[in-house]
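Sequences listed follow chains A and B, in order. Just remember that our numbering sits 1306 ahead of the position in the first sequence, which is counted from 1. Quick note on numbering: our numbering labels position 38 of the second sequence as 33, and the sequence is numbered without any gaps.
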Amino acid sequence: TQTVSQSDAHVTVFEGDSVELRCNYSYGGSIYLSWYIQHHGHGLQFLLKYYSGNPVVQGVNGFEAEFSKSDSSFHLRKASVHWSDSAVYFCAVSAPQGGRALIFGTGTTVSVSP
Amino acid sequence: DPKIIQKPKYLVAVTGSEKILICEQYLGHNAMYWYRQSAKKPLEFMFSYSYQKLMDNQTASSRFQPQSSKKNHLDLQITALKPDDSATYFCASSPGQVNQDTQYFGPGTRLLVL
């Protein structure tokens, strides 16, 4: 069974600060990892994805994530946040053995203060 | 222009009734999905379809029935509605049916069952 853990329910940062959102997964085989963002009252927007190659993946709006097989992690980072980055961030995993389902973590709410 | 359309945006239903949630995608994708997001649970995968055929079903209840009349349509019929069905239902699509394909989400239909 695949599981995804996002240990921080809520993160508060100031505009211009850096932020790192943690994601750990539990699965032994080949997996595909993604991050999505959900602004209040809206659907999910794709940020980035990893499935092979360079463990550091660049996404939209200055986001990047780093895959670590040894730590079973896929943490999301941004060097300088903007107020519009306030949203809920979801980490997701999928694996061939699990079909085409995306398994989501519980989400991390990011609040950016001016 | 929105590429994945979900109708209606909001829906109020009474217990025991039946409703159909509409999803249309104009991305030219071959695979479509339904997910559910409620206050009690994280985002949950429900179904996946590829070329109008059911591929994955992780919904225990037969009260939830996807319907695909065209390749770019995947509606969700819910019968005998219960208050626990109250949630936001998201439709998603991807180019193909392989795990590495990115899934893109619609804006959701927010269902309230009284």
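Where a beta carbon is used, it is the ideal one built from N, C-alpha and C, also for glycine.
Checklist entry - Should the region 1363 to 1379 of chain A be called in touch with the region 7 to 15 of chain B, which here means at least 3 C-beta pairs below 8 Å? => result No, because fewer than three Cβ pairs between the region 1363 to 1379 of chain A and the region 7 to 15 of chain B fall closer than 8 Å, the two stretches do not touch.
Checklist entry - So which of A:Cys1329, A:Pro1361 and A:His1348 has the shortest CA-CA distance to Trp1341 (chain A)? => result With respect to the C-alpha of Trp1341 (chain A), the residue from A:Cys1329, A:Pro1361 and A:His1348 having the closest C-alpha is A:Cys1329.
Item to check | Other residues of its chain near Glu13 (chain B): CB distance less than 8 Å, five sequence neighbours each side excluded | outcome: Counting only Cβ-Cβ distances below 8 Å, and skipping sequence neighbours, we find Gln72, Ile73, Thr74, Ala75 and Leu76.
Checklist entry - Using the rule of at least 16 other Cβ atoms within 10 Å of the residue's Cβ for burial, across every protein chain shown, is Pro3 (chain B) buried or exposed? => result Counting Cβ neighbours within 10 Å, Pro3 (chain B) comes out exposed, since fewer than 16 surround it.
Checklist entry - Beta carbon of Val1362 (chain A), beta carbon of Ser1392 (chain A): below 8 Å? => result In this structure, Val1362 (chain A) sits away from Ser1392 (chain A), with a CB-CB distance that is not shorter than 8 Å.
Checklist entry - At a CB-CB cut-off below 7 Å, which residues of chain A make contact with Asn94 (chain B)? => result Asn94 (chain B) reaches chain A at Tyr1338, Ser1400, Ala1401, Pro1402 and Arg1406, counting residues in chain order whose Cβ is nearer than 7 Å.
Next on the checklist: Using beta carbons (cut-off 8 Å, strictly below), is Tyr46 (chain B) in contact with chain A?
Outcome noted: Cβ-Cβ to chain A under 8 Å: no for Tyr46 (chain B).
Checklist entry - Alpha carbon to alpha carbon, how far is Gln47 (chain B) from Ser63 (chain B)? => result Going by the C-alpha atoms only, they are around 6 Å apart.
Checklist entry - What do you get for Ser1400 (chain A), buried or exposed, if any count of 16 or more other CB atoms within 10 angstroms of its CB means buried? => result Buried, since its Cβ has 16 or more Cβ neighbours within 10 Å.
Next on the checklist: Is there a C-beta anywhere in chain A that falls below 8 Å from the one on Phe85 (chain B)?
Outcome noted: Residue-level contact by beta carbon holds for Phe85 (chain B) and chain A, with a gap shorter than 8 Å.
Next on the checklist: Just to confirm the assignment, what range does the beta strand (DSSP E) spanning Leu1382 (chain A) have?
Outcome noted: Counting along the chain, the beta strand (DSSP E) containing Leu1382 (chain A) begins and ends at Ser1379 to Lys1384.
Next on the checklist: Going by beta-carbon coordinates alone, are Val1416 (chain A) and Val1310 (chain A) separated by less than 8 Å?
Outcome noted: The Cβ-Cβ distance between Val1416 (chain A) and Val1310 (chain A) does not fall below 8 Å.
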